[in-house]
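**Student:**
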Amino acid sequence: MAAEHWTVTGPQTLELEGVTSLSVRCVDGRVDVVAHDEPVTRVEAHAVDGRALEVRLDDDGRLVVGHETLSGWKAFFENFADFTGRARADLQVAVPRAVPVSAGLVRGDVLVAGTRAATRVHTVTGSALAADVRGPLDVNTVSGEVTVRDLRGDVRANSVSGDLTVTGAVPSADISTVSGNVTLDLHEQPRWVRCNAVSGSFVVRVPDAEAVRARLTGVGGRLVVGGVEASGFGTKTLGPSGSVPTTLEANVVTGDVTVIGASVGAR
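Going by full-length UniProt numbering, the residue at position 118 of the sequence shown is 118; the numbering climbs one at a time, nothing skipped.
#1: Quick one, which of R25, V182, L57 has its alpha-carbon nearest G126's?
#2: Would you kindly work out how many angstroms separate the C-alpha atoms of D201 and G135, rounded to a whole number?
#3: Less than 6 Å between C-beta atoms, sequence neighbours within five positions excluded: which residues of the same chain meet that for A157?
#4: Can you give the beta carbon distance from S199 to S179, rounded, assuming they're within the 8 Å contact cut?
#5: Quick check: the Cα distance between A173 and V142, rounded to an integer number of angstroms?
#6: Is the beta carbon of V99 closer than 8 Å to that of A117?
#7: What does a CB cutoff of less than 8 Å around H5 pick up in its chain, not counting 5 residues either side in sequence?
#8: Considering only the alpha carbon of each residue, which of V95, V106, D59 lies closest to R86?
#9: Could you give the distance in angstroms between the alpha-carbon of S159 and the alpha-carbon of A3?
#10: Look at the alpha carbon of I260 and the alpha carbon of D82, and state the distance between them as a whole number of angstroms.
#11: D59 to L14, Cα distance in whole Å?
#12: Since F202 is in the beta strand (DSSP E), which residue starts that stretch and which ends it?
#13: Within this structure, are the beta carbons of H46 and P11 separated by less than 8 Å?
#14: Tell me which same chain residues have a C-beta within less than 6 Å of the C-beta of S23, skipping the five on either side of it?
Set out below in structure tokens:
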């Protein structure tokens, strides 16, 4: 398959076959990536304001859609974080469920739903929603709020000050934040959870808080597991010794980590 390229300056729909991965990166606007059961990938630009959208389909099936398509997300963010021109798009992409997806905006809102492969969601100041994802999820935000619903897979997230909420069945979670608030509402007992924060707070709800052994290392952080509290300088450990279903490790400066059982939230 030969590589193809399109420049989109207004409402337009493209139907593409043979897509093996999808990457969307826009400056501003709204991006919805919704997985479906069809083999075709459909790119629908509902509105384009200012800078044109580029669509590139490489000969290996890699599809890139955005205001710039040659660099990765990190370089894209560095190039457009302080961009003051007009670069806004209202974009919807329907993609086969098994295709890995990476979607991000500097500003604006992003939605990713229904994927069944590795998924990445990026935002700087806008909001992001990932729903009904099956597979590993990677989330990055600066100050934007991120919500994850009905996840079945491992999650890794990095935030500066943006809040993060995750619900679903998550075998492992690796979350880092500077000052954001993090809520993990886990429907199945996870194997391990890692929390890193400066002043952010973590609330972790699991089916059985008594099956969690938690260790917190920090300057003035507070650890609460199933209503039992430990605080102060140094390392604090709560929970049963020996083999346990869930291990939680937290490194904080002044943040709080609270683990509660599912029955607490149901009262």
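Cβ atoms here follow ideal geometry from the backbone N, Cα and C, with glycine treated the same way.
**Tutor:** Straight from the coordinates:
#1: Out of R25, V182, L57, R25 has the C-alpha closest to the C-alpha of G126.
#2: What sits at residue 201 in the sequence shown is Ser, not Asp. Rounded to whole angstroms, S201 to G135 spans 26 Å at the Cα level.
#3: Contacts found: V139, L164, I175.
#4: Between S179 and S199 the Cβ distance is about 5 Å, and since that is below 8 Å, they are a contact.
#5: Looking at the two C-alpha atoms, the distance is approximately 19 Å.
#6: In contact: A117 and V99 (Cβ atoms closer than 8 Å).
#7: Contacts found: E54, V55, R56, L57.
#8: Residue V106 is the option with its Cα nearest to R86.
#9: Computed Cα separation, rounded: 36 Å.
#10: For I260 and D82, the distance between alpha carbons rounds to 41 Å.
#11: Roughly 17 Å separates the two Cα atoms.
#12: Segment 201-206, the beta strand (DSSP E) holding F202.
#13: Contact: yes.
#14: Closer than 6 Å at Cβ, skipping near neighbours: V64, S102.
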